[in-house]
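The structure appears below as structure tokens.
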Amino acid sequence: MEVVICDSPAAGAQLVADAIAELVARRPAAVLGLATGSTPEPVYDELARRRAAAAIDLSQVSAFLLDEYLGLPGDDPAAYRQVIERQVVAPLGIARDRVHGLDGMTDDPPRECAEYEAAIAAHGGVDLQLLGIGTDGHIGFNEPGSSLGSRTRIKTLTDQTRADNARFFGGDVDAVPPHVLTQGIGTIREARHLVLLAWGEAKADAVCGCVEGPVTSSVPATALQLHPHATIVLDRPAAAWLVRRAGYERTFSLKPSWQGL
Ligand code: PGA
Numbered sequence: 001m002e003v004v005i006c007d008s009p010a011a012g013a014q015l016v017a018d019a020i021a022e023l024v025a026r027r028p029a030a031v032l033g034l035a036t037g038s039t040p041e042p043v044y045d046e047l048a049r050r051r052a053a054a055a056i057d058l059s060q061v062s063a064f065l066l067d068e069y070l071g072l073p074g075d076d077p078a079a080y081r082q083v084i085e086r087q088v089v090a091p092l093g094i095a096r097d098r099v100h101g102l103d104g105m106t107d108d109p110p111r112e113c114a115e116y117e118a119a120i121a122a123h124g125g126v127d128l129q130l131l132g133i134g135t136d137g138h139i140g141f142n143e144p145g146s147s148l149g150s151r152t153r154i155k156t157l158t159d160q161t162r163a164d165n166a167r168f169f170g171g172d173v174d175a176v177p178p179h180v181l182t183q184g185i186g187t188i189r190e191a192r193h194l195v196l197l198a199w200g201e202a203k204a205d206a207v208c209g210c211v212e213g214p215v216t217s218s219v220p221a222t223a224l225q226l227h228p229h230a231t232i233v234l235d236r237p238a239a240a241w242l243v244r245r246a247g248y249e250r251t252f253s254l255k256p257s258w259q260g261l
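Taking my numbering, I'd label the letters of the sequence shown as residues 1 to 261.
Structure follows, in structure tokens:
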């Protein structure tokens with residue numbers, strides 16, 4: 001794993017946007033894995049700026065969302081499909097019909113999940129997967145205890161995640177659906193490059209477990225330790241608990257200039 005500690009989320013977003021720009025320059029029809037939540041917003045904002053300046057062309061890219069609330073119609077403002085519509089499809093110019101998400105209104109979750117897995121495979125897999133991390137260590141909506149080999153499936157959210165996400169539902173924790181569909185950890189691990197982002201001290205504990213703790217399903221993000229190309233991009237508060245912080249900073253400062261993330 002490469003741990004990159006940045007001065008600010010905006011600085012981290014520049015690095016991640018550079019990695020996406022490099023990927024798309026090499027492979028215009030690249031497949032991106034998109035995350036929702038507050039964390040990836042600086043990356044989407046930076047990509048939107050570059051698109052407005054005609055510095056990046058994402059028109060041929062395909063994208064797969066990580067997860068979706070079960071029971072929310074696709075046009076509900078809190079549905080991740082709608083979040084991605086607002087933050088990605090329009091501002092980044094990714095074709096709507098190339099953005100794939102799980103159907104939160106499906107009446108057959110196992111079939112929906114199996115078809116989603118098949119669609120990812122039919123696109124040749126995900127080139128670069130953006131990830132946030134929950135304060136409970138989840139990635140996607142794979143809550144603590146999720147199998148590190150799990151596939152796309154239904155999950156039940158922890159009370160902590162529902163409380164964390166109540167801000168997207170007018171502060172009403174009871175409005176946060178208890179069930180979700182999420183790519184599994186095994187599914188996520190098949191992406192060729194995993195880029196996990198975390199900002200702020202509220203994530204410091206989870207980040208420490210993810211990077212320096214033992215690999216365990218109790219902290220699903222530790223699955224990144226098993227991946228051959230995983231990048232962890234942090235601001236200083238999110239990195240505060242890392243014991244080897246100075247070492248990561250030194251290593252990154254000595255990184256060869258030809259080597260991207
Ligand atoms: P956040 O959520 O970006 O809204 O903090 C991260 C996550 O739950 O993965």
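Beta carbons are placed, not taken as given, at the ideal position from N, Cα and C, and that holds for glycine.
In this text the structure is predicted, and so the values were computed from the model without any measurement.
Per the DSSP calculation, residue i is bridged to which residue(s)?
i	result
Lys155	Val180
Ile94	In the DSSP output, where bridge partners are listed per residue, Ile94 has none listed.
Ile185	Note: Ile185 sits in no beta bridge, so no partner.
Glu2	Thr231
Asp99	Going by the sequence as given, residue 99 is Val instead of Asp. According to DSSP, which records beta bridges pairwise, Val99 is partnered with Ala63.
Could you check whether the Cβ of residue i sits closer than 7 Å to any heavy atom belonging to the ligand PGA?
i	result
Ile133	yes
Leu8	Residue identity differs from the one stated: residue 8 is Ser in this sequence, not Leu. It does not: the Cβ of Ser8 is nowhere closer than 7 Å to a heavy atom of the ligand PGA.
His138	yes
Gly101	no
Ser38	yes
Below 8 Å on the Cβ atoms is my guess for residue i versus residue j; work out the distance and round it to an integer in Å.
i	j	result
Trp258	Val207	Not really, about 28 Å apart at Cβ, beyond 8 Å.
Tyr116	Thr156	No, Tyr116 and Thr156 are not in contact; Cβ-Cβ is about 19 Å, not under 8 Å.
Pro91	Ala48	4 Å
Cys6	Leu234	7 Å
Leu148	Ile139	Wrong, their Cβ atoms sit about 10 Å apart, outside the cutoff.
Ala191	Gly33	5 Å
Phe252	Val16	The Cβ separation is near 14 Å, so there is no contact.
Handout entry: Completely contained alpha helix (DSSP H) runs for the stretch 211-240, where each covers 4 or more residues
Key = For the stretch 211-240, whole alpha helix (DSSP H) runs of length 4 or above, ordered along the chain, are 236-239.
Exercise for the section: Pick out the complete beta strand (DSSP E) segments inside the stretch 11-81, 3 residues or longer, and give them in chain order. Expected result: 31-34, 62-65, 67-69
Exercise for the section: Just list the beta strand (DSSP E) runs in the stretch 110-169, keeping only unbroken ones of 3 residues or longer that don't cross its boundaries, in chain order. Expected result: The beta strand (DSSP E) runs lying completely inside the stretch 110-169 and spanning 3 residues or more are 128-131, 153-156, given in chain order.
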